[in-house]
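Here is the structure we will look at.
Protein chains: 2
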Amino acid sequence: MTEYKPIELPFESDPALLVGFSSCEGGVCAARGIQAQGVQAGFRHNPERLDLALVVAQNSCPVAATFTQNRFCAAPVQLSKTRLEDGFARAVVLNSGNANAATGEQGLISATKSCQIVAHELGCPENEVLIASTGVIGVQLPTEGFERGIPVAAATLEASAEAAHNAACAVMTTDTYPKEAALVGTLVLDGAQGLQETLIHIGGFVKGSGMISPNMATMLAVLSTDAPLTHKAATAALRRAVNASFNKVTVDSDTSTNDSCFLFATGAAYPEATPITEEHPAFDAFSAALESVCQMLARQIAADGEGATKLVTVDVVNALNEDDAERVAFSIANSPLVKTAIFGHDANWGRVAAAAGKCGVAFDQSQVDIDLLGVPVCRAGLAIEMDEDDMLKRFEQDELSIAISLGMGSAHARVWTCDLTHEYVTINGDYRT
Amino acid sequence: MTEYKPIELPFESDPALLVGFSSCEGGVCAARGIQAQGVQAGFRHNPERLDLALVVAQNSCPVAATFTQNRFCAAPVQLSKTRLEDGFARAVVLNSGNANAATGEQGLISATKSCQIVAHELGCPENEVLIASTGVIGVQLPTEGFERGIPVAAATLEASAEAAHNAACAVMTTDTYPKEAALVGTLVLDGAQGLQETLIHIGGFVKGSGMISPNMATMLAVLSTDAPLTHKAATAALRRAVNASFNKVTVDSDTSTNDSCFLFATGAAYPEATPITEEHPAFDAFSAALESVCQMLARQIAADGEGATKLVTVDVVNALNEDDAERVAFSIANSPLVKTAIFGHDANWGRVAAAAGKCGVAFDQSQVDIDLLGVPVCRAGLAIEMDEDDMLKRFEQDELSIAISLGMGSAHARVWTCDLTHEYVTINGDYRT
């Protein structure tokens, strides 16, 4: 039996480690200057579930954000976009159970009123409060939930891991677990006390599960850092991070009406520091660490895709250009035939080949190599012998990989997805009822 | 309760009737000058299933064809394309159970040998024989099946409905029933006997079920007509018909490596007639009738999508242009969230709105109307009251409709799809094993 080497992958295994960051506790509250809470406000059928989250910075601070590009974008997205025109905010309130989408003028009035309640409780200007919602589309959002929940959340705000966890739980819909991540590391910053090695934190939570796909700003995510950043630098770092993380995840190719991602930069790590700009020596390290936090969260979204049993990483290498690489990667990651084969533990690489071939990207099939679960299964477009028993064993792992080399150039792309299961059909066959 | 009128649809209910054609028996053998047969050749695990089909014209005749645009296109596609460079052929042999895709040089040798066997049996030149295959990808196709099956098929060729039915059965993979259609009508043709009202037939069969999506030429289809046509006119009519039928069907957004559609034009209806050109007065009537046959087959493909319980017609109207209309229609038809909601009998029109909004087509959500199952559920982007009991009753029907008006212009598109069910996951979770 000929020995074939697995396809060589150019991806960094952990960009955070490369820049000297490491994991820490605390989620969105890992960053100093951030308080959070999650409470029961009665938006959901199940009254025992947390459904309202509040995240508050100690002061108004630079907030970068990305939003859904869906034309049916929800009222909270429209309102938060307007509020962030100056780049600063103090707090964000989030609810699950109702998306406040396709709700017209009345939806905007409800969202505005909810922010007013937060502003009143915090004693801050109304335009410093942002809002995000997730849940069913096309149903008016009752503001009673906000009237009930916000005062409780505001009164119990904490800068603790538990409070961050509650906030992460409150945005869950069909998620089976809350999704949090945080990193800590050192940046050299300049300021009133001169050059200082400064410990900075980046943390956050996301809501994933269904209606997750690229071509979006991102899904619901609140990120925070105590690094001091200009609004412009925070925005540049967030765009780069989102593009390499949330925008590379696909559960079901459906882009939500409500995707929103916020990054609060409190600056509390070194309050008198000169804020980091894009030209600052520390920018790249911060940016890589933020990307790493987003990737930690993005992988959790794919792993916890609705009904998913496997996290699947799809790597495309040796493409002519990045656009080609990404199109092939998403074509494979979105293919129902590939995703059901994975669910069925079927090493059916022909479906990977067909998915690569269907997306309009030019390549020569006689140059294509494919690895499944790290095992060479196709070389130069042809089947090579595989050990079916070994493959079945490998399918037992929680994380699986698909790699394809197109033999056209040196560009590459990585995306994350999950398998397509009976449970996905069950969950989405009776979501609204 | 305000009364809302359903969205007005510009689609013809039955283009065949408009040009005076009506349904008839006989499938691909409805056209005079065509013989067919389907036999057991041993390509499939189940030895009792028919798996080899042969369709033969009485003489070499004009054959129009469209093929997959998948880059991993199969050996039979490559061979048939070459063979049709002159536009003429005598026969096509088809097998199920093995796609002969991703099989390289050896795959081409197998396909060529299979055609040689057919040519030998029929006593015709080898380059007059076409081939199409469907089944698993990446496994070499044993030619023993052809050696066994072709002589039997050739010896039992018939111009009967039963033989046409056998051929339709032999190309089935996960199809639950064979898909046939035929129309008969009158065209006025000119020729040796002068102007004549001539009875002509158009018939055919298709293989559908999985790996069905647009961006392709089409799936496996053999069509025939006894109308006399130039190769150029046959090709123009086939392109138009395929674009309005097979290319508007999506089961799972996966485009096959093997899609092939052939139209044999025997001319047997009036052998001495001047062949129909694109400028001929009868061309439009023929073309509309062919389109109708293809739509009858396309609807069967969607209705028999893998695991499907419902045929779903998606109509987009009042779009800015046709491209926008089609993108929105496919975005809805391919949305797993829409398709699972239909499976779950859930009138969740918010998912239709989200699917329309995610595909990059510009519209103003406050101008959007949506009907589900013929019932207005959203007007001017907002929910309107619906009778949930009535909706549940309507969900019992086998054919369901989704209509959306974008309020941007006057262009429209119609596509066919099916629901996404547990059975789809079951079928594709263990297809290869």
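Protein chains in written order, with the numbering used here: chain C, 804 to 1236; chain D, 804 to 1236.
Beta carbons are placed, not taken as given, at the ideal position from N, Cα and C, and that holds for glycine.
Just so it is clear, the structure is predicted and the values come from calculations on it, not from any experiment.
Asked                                                                                                                   : Found
Bridge partners - A935(D), DSSP secondary structure assignment                                                          : L897(D)
Per-residue contacts from L1176(C) into chain D (C-beta, under 8 Å)                                                     : In chain order: nothing, as chain D lies at least about 15 Å away.
Cβ-based burial, P809(D) [other Cβ within 10 Å; buried from 16]                                                         : exposed
When T1028(D), T1001(D) and Q999(D) are compared against F1008(D), the one with the closest alpha-carbon                : T1028(D)
Element boundaries [alpha helix (DSSP H), containing D1127(C)]                                                          : E1125 to A1136
Outcome for L1195(C) when other beta-carbon atoms lying within 10 angstroms are tallied against a minimum of 16         : exposed
Complete alpha helix (DSSP H) runs within the region 1198–1231 of chain C (minimum length 4 residues, chain order)      : none
Inter-residue Cα distance where the pair is Q843(D) and R852(D)                                                         : 6 Å
Reference L1032(D), options R1217(D), G890(D) and D1107(D), closest by Cα                                               : G890(D)
Beta carbon of A1037(D) nearer than 7 Å to that of P865(D)                                                              : yes
Every unbroken alpha helix (DSSP H) within the region 915–963 of chain C, with a cutoff of 4 residues, ordered by chain : 947–958
Near-chain D residues of the region 924–951 of chain C - C-beta to any C-beta below 9 Å                                 : V939, I940, G941, V942 and Q943
F1133(D) Cβ short of 6 Å to the ligand GDP heavy atom set                                                               : With respect to the ligand GDP, the structure shown offers nothing to examine, as it has no ligands at all.
Cβ-based neighbour list, C1162(D), same chain, cut-off 7 Å, excluding 5 preceding and 5 following                       : R1130, V1131 and S1134
Neighbour-count burial assignment, N873(C), 16 or more Cβ in a 10 Å radius                                              : buried
Straight-line gap, Y980(C) to C972(C) (C-alpha atoms, nearest Å)                                                        : 8 Å
7 Å Cβ cut-off: residues of chain D touching S1169(C)                                                                   : G907
Contacts that F1146(C) makes with chain D (C-beta to C-beta distance below 7 Å)                                         : V1228 and G1232
Interface residues of the region 827–852 of chain D facing chain C [CB-CB below 9 Å]                                    : none
H1004(C), DSSP secondary structure in three states                                                                      : strand
Rounded C-alpha distance that separates E961(C) from Q840(C)                                                            : 7 Å
Contact the region 1122–1129 of chain D vs the region 1066–1075 of chain D: 3+ CB pairs below 8 Å                       : no
Proximal chain D residues relative to C1064(C), where beta-carbon distance stays under 7 Å                              : The premise fails here: C1064(C) is roughly 17 Å from chain D at the closest Cβ pair, so nothing lies under 7 Å.
C-alpha distance - G1108(D) paired with D978(D), whole-angstrom precision                                               : 7 Å
Beta-carbon spacing of D993(D), T1077(D) below 7 Å                                                                      : yes
is_contact[H795(C), chain D] using C-beta, thresh 7 Å                                                                   : In this structure chain C extends from 804 to 1236, so residue 795(C) is not present and cannot be described.
Nearest-angstrom Cα separation, counted from L986(C) out to L1203(D)                                                    : 50 Å
Selected residue, minimal CA-CA separation from L1114(D), among D1149(D), D1222(D), I1173(D) and E1199(D)               : D1222(D)
Straight-line gap, A914(C) to A1186(D) (C-alpha atoms, nearest Å)                                                       : 18 Å
Below-7 Å beta-carbon distance, F1089(D) vs any chain C residue                                                         : no
Contact between the region 1040–1055 of chain D and the region 904–919 of chain D (3+ Cβ pairs under 8 Å)               : no
Any 3 or more C-beta pairs closer than 8 Å across the region 1137–1149 of chain C and the region 852–863 of chain D     : no
S1090(C): first and last residue of the uninterrupted alpha helix (DSSP H) it sits in                                   : F1086 to A1106
Residue-level contact to chain C via CB, F1166(D), 7 Å cutoff                                                           : yes
Beta carbon of N901(D) nearer than 7 Å to that of G938(D)                                                               : yes
Per-residue contacts from C1181(C) into chain D (C-beta, under 9 Å)                                                     : A905 and G941
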